[in-house]
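**Student:** Quick one: the structure is below, and I'll ask about it shortly.
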Amino acid sequence: MTTAAGIRRQVQRDSDHLAFDVRRVREDFPILKQRVNGRPLVFLDSAASAQKPRAVIRAVQRCYEREYANIHRGVYFLSERATELFEGARAKVQRFLGAREAREIVFVRGATEAINLVAQTYGRKFLNRADEVVISTLEHHSNIVPWQMLRDEKGLTLRIIPIDDSGALLMEEYEKLLGTRTKLVAVTHCSNALGTITPVKEIIRLAHEKGIPVLVDGCQAVPHMPVDVRDLDCDFYVFSGHKLYGPSGIGVLYGKAALLEAMPPYQGGGDMISTVTFEKTEYNVIPHKFEAGTPNIAGAIGLGAAIDYVSGLGFDEIADHEQELLEYATEALSETNSLRLFGTVKDKACILSFIIEGVHPHDVGTILDHEGIAIRAGHHCAQPLMDRFGVTATARASFGLYNTREDVDALVAGVRKAVEFFG
Amino acid sequence: MTFDLRELYQEVILDHAKQPRNFGHPPGCNRQAKGHNPLCGDRLTVYLTIDDGVVTDAAFDGAGCAISMASASLMTEMVKNKTEAEAHSLFKGFHAMVVGDQAENAENAGDGVDLGKLAVFSGVREYPVRVKCATLPWHAFAAALKGKQEDVTTEE
Ligand SMILES: Cc1ncc(COP(=O)(O)O)c(C=O)c1O
Chain E
1 MTTAAGIRRQ
11 VQRDSDHLAF
21 DVRRVREDFP
31 ILKQRVNGRP
41 LVFLDSAASA
51 QKPRAVIRAV
61 QRCYEREYAN
71 IHRGVYFLSE
81 RATELFEGAR
91 AKVQRFLGAR
101 EAREIVFVRG
111 ATEAINLVAQ
121 TYGRKFLNRA
131 DEVVISTLEH
141 HSNIVPWQML
151 RDEKGLTLRI
161 IPIDDSGALL
171 MEEYEKLLGT
181 RTKLVAVTHC
191 SNALGTITPV
201 KEIIRLAHEK
211 GIPVLVDGCQ
221 AVPHMPVDVR
231 DLDCDFYVFS
241 GHKLYGPSGI
251 GVLYGKAALL
261 EAMPPYQGGG
271 DMISTVTFEK
281 TEYNVIPHKF
291 EAGTPNIAGA
301 IGLGAAIDYV
311 SGLGFDEIAD
321 HEQELLEYAT
331 EALSETNSLR
341 LFGTVKDKAC
351 ILSFIIEGVH
361 PHDVGTILDH
371 EGIAIRAGHH
381 CAQPLMDRFG
391 VTATARASFG
401 LYNTREDVDA
411 LVAGVRKAVE
421 FFG
Chain R
1 MTFDLRELYQ
11 EVILDHAKQP
21 RNFGHPPGCN
31 RQAKGHNPLC
41 GDRLTVYLTI
51 DDGVVTDAAF
61 DGAGCAISMA
71 SASLMTEMVK
81 NKTEAEAHSL
91 FKGFHAMVVG
101 DQAENAENAG
111 DGVDLGKLAV
121 FSGVREYPVR
131 VKCATLPWHA
141 FAAALKGKQE
151 DVTTEE
């Protein structure tokens with residue numbers, strides 16, 4: 001349809017694409033210049049861990065070269081500066097997530113530690129025998145196992161939100177699961193194995209109607225879309241820095257201040273106390289109460305740089321670019337008849353999970369590796385989800401802001417080779 | 001196709017992967033063990049009939065990649081009619097070959113293990129992430145020989 005509005009939108013889109021110049025963006029990622037098996041690297045495993053832009057690498061390097069000392073304790077210049085930068089990174093995360101206060105941001109090792117922290121502190125204190133925790137079929141093992149451990153300790157019950165064949169949560173079933181015994185809902189914002197973006201806002205609204213708090217696993221969401229924890233009104237939100245183009249070993253637990261304050265500490269040690277005698281210890285205020293020991297200082301600073309980097313590019317541009325890749329890749333892969341895609345909802349991140357009839361995902365991975373293409377083959381730490389679809393593994397290509405149509409073309413050519421080879 | 005891929009996926013391997021021999025659960029078997037590769041979720045079961053210290057029948061079932069299926073298929077062919085001790089040294093020889101352990105290789109060479117057809121798997125050592133695919137059926141086999149009850153994994 002060639003309406004004036006349509007044309008305007010098209011023009012707008014074209015100029016947006018000028019603004020997001022993927023070739024220039026790729027220049028920011030030194031690792032992408034590499035060759036693998038004599039071919040240019042095609043990196044399609046960003047959902048496992050994303051590559052790092054020079055801005056992040058430099059921030060970490062600068063920290064160790066010029067800014068490094070332990071934090072929160074030095075009376076000298078360098079320590080003060082490191083503390084300022086570390087706390088500055090916390091403020092960046094706060095703004096990135098739209099949190100009300102910086103003290104609602106707890107630095108952890110990653111999403112896995114964040115979820116374990118909530119299970120072991122909030123869960124241990126507030127959940128009791130016969131209570132129920134609701135999770136979903138889409139969850140990563142890190143949002144399953146900590147709750148199972150708590151279940152076994154406390155005698156809780158885990159209830160699972162089912163999905164349909166497209167990979168969407170069955171919301172009517174979810175509503176039915178919410179009862180008087182439900183004490184917590186813990187769901188993913190975006191499935192790492194299928195790409196499904198879940199309706200977390202609605203999930204939270206329905207839980208809150210019954211006074212049930214909600215933890216959201218945002219690992220796969222934050223690299224692709226803006227997140228506003230106040231708009232979502234989630235009680236906890238967790239993510240890992242390394243999937244957001246930041247360093248590994250640093251991640252975030254957001255929690256509403258009142259909840260964090262009511263929770264007991266996670267680990268004991270330095271920094272999480274205000275006074276210690278052999279008789280009694282006063283705990284520090286949040287977030288420090290949950291940050292025992294010397295944290296990943298350079299990692300936090302690197303994460304701050306990653307947030308600056310993606311914010312500088314803009315999520316409108318990133319999302320436009322990735323959604324276009326998703327459309328292009330979905331169409332291109334669908335042309336291979338023996339290929340079956342998993343995760344076919346409309347609202348999804350640029351993650352394509354598939355199997356090829358007669359070719360095991362591991363073998364697909366090896367063939368693609370030969371072409372310099374890095375994908376993941378396996379259960380993606382989501383075995384219950386694989387069981388739901390009756391497979392043990394899939395091949396998964398996951399895209400980041402630096403991927404191109406040429407990467408898709410290489411993937412499709414590689415898939416054809418695998419089909420030929422084993423055909 | 002590039003030359004080195006063919007080194008991994010030799011014709012014999014592709015053939016056995018597509019049409020595995022001795023696939024199924026023979027009724028007369030008297031030992032069995034399950035193998036599991038937690039990295040990829042592949043699972044298979046090895047069934048043995050041991051008669052007076054000799055492997056008179058070997059079979060398997062399960063699902064996995066081309067390397068693990070072909071390895072299981074060729075293994076069942078190779079261990080048949082071997083004594084338990086001979087079959088076990090085949091396992092050791094095979095393991096040394098795919099792991100590419102020189103010391104282990106030299107030691108086995110001394111024992112004069114003839115790997116026969118199993119030599120088609122020598123390319124696997126160039127692919128460290130695929131070594132466990134090749135050894136999975138053998139770990140299950142060794143467990144079945146020992147009459148182990150628990151499942152074995154490639155992580156042991
Ligand atoms: C959806 C999801 N949740 C949690 C995790 C765990 O993250 P990490 O291993 O960084 O703690 C991942 C990472 O694979 C993930 O994709």
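In order, the protein sequences belong to chains E and R. Count the first sequence with our numbering and you get residues 1 to 423, in order. Count the second sequence with our numbering and you get residues 1 to 156, in order. All C-beta atoms, glycine included, are put in the ideal place defined by N, C-alpha and C. Just so we're clear, the structure is a prediction, and the values are computed from it rather than from any experiment.
#1: Would you check if the distance between the CB atom of Y68 of chain E and the CB atom of L78 of chain E is smaller than 9 Å?
#2: Mark H25 of chain R as exposed unless 16 or more other C-beta atoms lie within 10 angstroms of its C-beta, in which case mark it buried.
#3: How about A413 of chain E: is its C-beta nearer than 9 Å to some C-beta of chain R?
#4: Does DSSP put E322 of chain E in a helix, a strand or coil?
#5: Can you tell which of E:L206, E:G255, E:L178 has the C-alpha that lies nearest to the C-alpha of I115 of chain E?
#6: May I ask you to list, following chain order, the residues of the segment 148-159 of chain E that have a beta carbon less than 9 Å from some beta carbon of chain R?
#7: Taking only beta carbons into account, state which residues of the segment 375-396 of chain E come closer than 8 Å to chain R, listed in chain order.
#8: If contact means a Cβ-Cβ distance below 9 Å, which residues of the segment 313-337 of chain E contact chain R?
#9: Looking only at its own chain, which residues have a Cβ that is under 8 Å from the Cβ of T83 of chain R, when we skip the five neighbours before and after it?
#10: Keeping to the same chain, check which residues put their C-beta closer than 6 Å to that of E357 of chain E; ignore five residues upstream and five downstream.
#11: If we define contact as Cβ-Cβ less than 9 Å, is I355 of chain E a contact residue for chain R?
#12: Assuming D347 of chain E contacts I197 of chain E under a Cβ cut-off of 8 Å, what Cβ separation, rounded to an integer in Å, is found between them?
#13: What residues in the segment 2-33 of chain R have a beta carbon less than 9 Å from any beta carbon of chain E?
#14: May I ask you to report which of helix, strand or coil DSSP gives E86 of chain R?
#15: Could you please give the first and the last residue of the uninterrupted alpha helix (DSSP H) stretch that includes A193 of chain E?
#16: Starting from V214 of chain E, trace the beta strand (DSSP E) both ways and give me its first and last residue.
#17: Which residue wins for smallest C-alpha separation from L178 of chain E, given the options E:R103, E:H208, E:A349?
#18: So H123 of chain R and L8 of chain R are in contact, right, with Cβ under 8 Å, and what is the actual spacing, rounded?
#19: Please compile the residues from chain E whose C-beta is within a distance smaller than 9 Å of the C-beta of H64 of chain R.
#20: Short check: CB of S49 of chain E to CB of F399 of chain E, under 9 Å?
#21: State yes or no: is the C-beta of D347 of chain E nearer than 8 Å to some heavy atom of ligand 1?
#22: Note the first and the last residue of the continuous beta strand (DSSP E) segment covering F236 of chain E.
#23: If you drop the 5 nearest sequence neighbours on each side, which residues of the same chain put their C-beta closer than 6 Å to that of V11 of chain E?
#24: Pull up the CB-CB distance for H189 of chain E and G218 of chain E, whole angstroms please, since I reckon it's below 8 Å.
**Tutor:** If we stick to the structure as given:
#1: yes
#2: exposed
#3: no
#4: helix
#5: E:G255
#6: none
#7: A377, G378, H379, Q383, M386, T392, A393
#8: none
#9: G53, V54, V55
#10: S338
#11: no
#12: 5 Å
#13: T2, D4, L5, L8, Y9, L14, A17, K18
#14: helix
#15: That residue, A193 of chain E, is in no alpha helix (DSSP H); it is neither H nor E in DSSP.
#16: 214-217
#17: E:H208
#18: In the sequence as presented, His is not what sits at residue 123 of chain R; that position holds Gly. Their Cβ separation, rounded to whole angstroms, is 4 Å, which keeps G123 of chain R and L8 of chain R in contact under 8 Å.
#19: First, the residue type needs correcting, since residue 64 of chain R is Gly and not His in the sequence shown. Here the neighbours are H360, H362, T392.
#20: no
#21: no
#22: 236-240
#23: In this prediction, V11 of chain E has a pLDDT of 46, which is less than 50 and means its spatial position is unreliable; what the coordinates show is noted afterwards. Closer than 6 Å at Cβ, skipping near neighbours: no residue.
#24: 5 Å
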